[in-house]
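Read through the structure below, which is laid out as structure tokens, and then see the notes.
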Amino acid sequence: MRCLILFALLLSLFVATPSYGQEPDLAELIQLEKWLTDLSGAPQERRQAKENLEGILDSYPPSMTPVVFTPNIRSVISEYRRQAEPLIPQLIEMLDSDDMEDVNIALGVLGLTGPDAKAAIPKLKAMLFDKKTHDAEVAPLGLLVTLMYITPEDEPVMPLALQWLDGLPNKKRDRLVGALQENEESPVNLPNFPSRNSMLVWTYGFLSEIIIPHLLASGRTRVEVPSLLQATDKKYPPSVRSTALSILMTLQSEARAALPGLRKHLADSDPSIRYLTAIAILAIEQDAAAIPQITGALNLPPDERKEFETGAAKIVASGALRLKEVLDVNDVPPELMEGISGMLTHGNATHRRLGLIYLAEIGPEAKSVIPAIEKLRNDPDEETRRLVIKAMHAIKPQ
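Letter by letter, the sequence shown follows residues -21 to -1, 1 to 377 of mature numbering (1 follows the signal peptide of the UniProt record, and there is no 0).
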């Protein structure tokens, strides 16, 4: 299992990185209404329609960030959404299908359609808490992911996710945890966890594989952080608290607003909550100087304290999954640099911040973007202004 502190925003970045200059003009080939109709047709028609629909959804998932939006990709997504809008009632009806493949296709199309598909929200919420959904092959997490993309950006989705987690039947949770334990590796760069148990494994899998990339790609981080912080309160069960803490730690700098409220949990009566809180604070702050103070608040025995400090130092030193680990920062394709630069003018502040993070990783090779970065020095968002300074120091060292 991947370390919790991997910067999952970069995973979403490379979900569907295109081969620049080699994209066919797919926009004119989209026939969404025909494909949806053919799903109910003869076997050969259904098979072809399913391949066409799944091909689009696999190639252009909602989790793509604007950094990979070439003009051709924008054209495809725009045409797809244009055709999908009048078909939303039909897509909502598909959610009642007994064929789970059709349900999952409907979820995918709705998610790619975005907020224009908000009429599906009541249906998706009802499905999420329907006992039949727990026993069906349709993944409840798929419902949550779709909700992230179609819910208005000022309305949080995480309270629903945590409410669903809290009400999940124990047998269902155990099956999911068992699958995670069977298919994932052990967490890395983490000290031994007090009372290491299945809930920890469940928490890791819940956020790192499903939720985080979509939170970042949908630009919902700021609206979700307050509700996640609220869910860390001791009035909530450990499953909800640990999941909320783990999501906050993986959001790193995007969760900076939660820091004041998190510190009180360093004195929590539950050692697992204290531990997760400490890691969350260090992951968000990325400040090695804070390790002794944070460690001291945990009141660990000497041997455990040393182990924790060693693991915490690795977390702070390794930080995020660096862009340079998945991209040659000395040879960035012009189209990708154009995409990253375009994020600086994106209407969603999350994407502006992500663009600055990428440019800081590229360093001096991003000097052509300095004028665009300078325009963000007076951005109304404090975290954006902080990232501007960081990016400028990386691109143009003093």
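Glycine included, every Cβ here is placed at the ideal spot set by N, Cα and C.
Note that the coordinates shown come from a computational prediction; the quantities given were computed from them, not determined experimentally.
Nearest neighbour of residue i, chosen from the options [CA to CA]
{"i": "proline 217", "options": "Glu80, Pro250, Thr363 and Ala236", "result": "Pro250"}
{"i": "valine 204", "options": "Leu11, Arg61 and Thr329", "result": "Thr329"}
{"i": "alanine 246", "options": "Gln23, Lys213, Leu261 and Gln265", "result": "Lys213"}
{"i": "glycine 342", "options": "Pro101, Ile67 and Val367", "result": "Val367"}
{"i": "threonine 274", "options": "Ala268, Glu288 and Glu264", "result": "Glu288"}
{"i": "tryptophan 14", "options": "Pro41, Arg201 and Leu70", "result": "Leu70"}
{"i": "isoleucine 260", "options": "Ala268, Leu279 and Leu238", "result": "Leu238"}
{"i": "methionine 79", "options": "Lys111, Ala99 and Ala98", "result": "Lys111"}
{"i": "asparagine 278", "options": "Ala292, Ser248, Gln265 and Thr363", "result": "Ser248"}
{"i": "histidine 244", "options": "Gln209, Asp266 and Leu230", "result": "Gln209"}
{"i": "glycine 198", "options": "Gly321, Ala105 and Leu333", "result": "Leu333"}
{"i": "proline 101", "options": "Ile84, Ile129 and Thr92", "result": "Ile129"}
{"i": "leucine 120", "options": "His193, Pro135 and Arg60", "result": "His193"}
{"i": "valine 55", "options": "Leu66, Asp95 and Pro40", "result": "Pro40"}
{"i": "glutamate 72", "options": "Pro94, Arg53, Ala98 and Asn51", "result": "Ala98"}
{"i": "valine 348", "options": "Ile374, Asp360 and Arg356", "result": "Ile374"}
{"i": "proline 350", "options": "Ala370, Ala276, Pro280 and Leu195", "result": "Ala370"}
{"i": "leucine 8", "options": "Arg26, Lys293 and Asn51", "result": "Asn51"}
{"i": "isoleucine 67", "options": "Asp75, Asp81 and Ala96", "result": "Ala96"}
{"i": "valine 202", "options": "Tyr215, Ala236 and Ile189", "result": "Ala236"}
{"i": "glutamate 353", "options": "Met106, Asn327, Leu141 and Ser320", "result": "Ser320"}
{"i": "methionine 127", "options": "His372, Ile336, Ala196 and Asp109", "result": "Ala196"}
{"i": "histidine 372", "options": "Asn327, Asp358 and Glu344", "result": "Glu344"}
{"i": "leucine 141", "options": "Ala292, Ile84 and Ser225", "result": "Ser225"}
{"i": "proline 359", "options": "Gly326, Tyr337 and Pro376", "result": "Gly326"}
{"i": "methionine 228", "options": "Asp109, Ala291, Leu335 and Ser38", "result": "Ala291"}
{"i": "leucine 323", "options": "Ala28, Leu355 and Leu74", "result": "Leu355"}
{"i": "arginine 364", "options": "Pro376, Arg331, Lys346 and Val124", "result": "Arg331"}
{"i": "serine 38", "options": "Arg26, Arg25, Ile336 and Arg53", "result": "Arg53"}
{"i": "lysine 293", "options": "Gly318, Gln265 and Pro280", "result": "Gln265"}
{"i": "residue 384", "options": "Pro376, Pro280, Asp81 and Met137", "result": "This structure cannot speak to residue 384, because the chain is shown only from -21 to 377."}
{"i": "threonine 16", "options": "Gln23, Ala28 and Leu335", "result": "Ala28"}
{"i": "arginine 60", "options": "Ser76, Asp75, Asp77 and Leu36", "result": "Leu36"}
{"i": "leucine 230", "options": "Ala276, Pro280 and Ile336", "result": "Ile336"}
{"i": "methionine 137", "options": "Lys346, Ile191 and Ala276", "result": "Ile191"}
Whole-Å CB distance - residue i paired with residue j, under 8 Å assumed
{"i": "isoleucine 270", "j": "alanine 234", "result": "Not quite, the Cβ-Cβ distance comes to about 18 Å (not below 8 Å), so this is no contact."}
{"i": "leucine 18", "j": "glutamine 62", "result": "Going by Cβ atoms, the distance from leucine 18 to glutamine 62 rounds to 15 Å, so no, they are not a contact pair."}
{"i": "serine 232", "j": "glutamate 362", "result": "6 Å"}
{"i": "glutamate 64", "j": "threonine 92", "result": "7 Å"}
{"i": "residue 425", "j": "threonine 211", "result": "This structure does not reach residue 425, given that the chain is present from -21 up to 377, and the question cannot be answered."}
{"i": "leucine 103", "j": "leucine 122", "result": "5 Å"}
{"i": "proline 94", "j": "serine 206", "result": "19 Å between Cβ atoms; not a contact."}
{"i": "valine 295", "j": "alanine 267", "result": "5 Å"}
{"i": "leucine 107", "j": "leucine 139", "result": "7 Å"}
{"i": "isoleucine 189", "j": "valine 124", "result": "7 Å"}
Any non-hydrogen atom of the ligand ZN within 6 Å of residue i CB
{"i": "leucine 277", "result": "As for the ligand ZN, it is missing from this structure, which has no ligand bound."}
Quiz item: Could you give the uninterrupted runs of the alpha helix (DSSP H) lying entirely in the stretch 224 to 251, keeping only those of 4 residues or more?
Solution: You should have 238 to 241.
Practice problem: Would you be able to state if there are at least three C-beta pairs under 8 Å between the stretch 273 to 289 and the stretch 314 to 321? | Solution: No, the stretch 314 to 321 is not in contact with the stretch 273 to 289.
Quiz item: Counting pairs of Cβ atoms below 8 Å between the stretch 216 to 223 and the stretch 243 to 261, do you hit three or more?
Solution: yes
Quiz item: Are three or more beta carbon pairs between the stretch 21 to 39 and the stretch 73 to 88 nearer than 8 Å?
Solution: yes
Quiz prompt | Sequence ranges, alpha helix (DSSP H) only - wholly within the stretch 96 to 152, length at least 4 | solution = Segments of the alpha helix (DSSP H) lying fully in the stretch 96 to 152: 100 to 107, 110 to 114, 119 to 129 and 137 to 146.
Quiz prompt | Contained alpha helix (DSSP H) runs [length at least 4] in the stretch 319 to 346, N- to C-terminal order | solution = 328 to 341
Quiz prompt | Completely contained alpha helix (DSSP H) runs for the stretch 39 to 86, where each covers 4 or more residues | solution = Runs of the alpha helix (DSSP H) lying entirely within the stretch 39 to 86 and spanning at least 4 residues, in chain order: 50 to 63 and 67 to 73.
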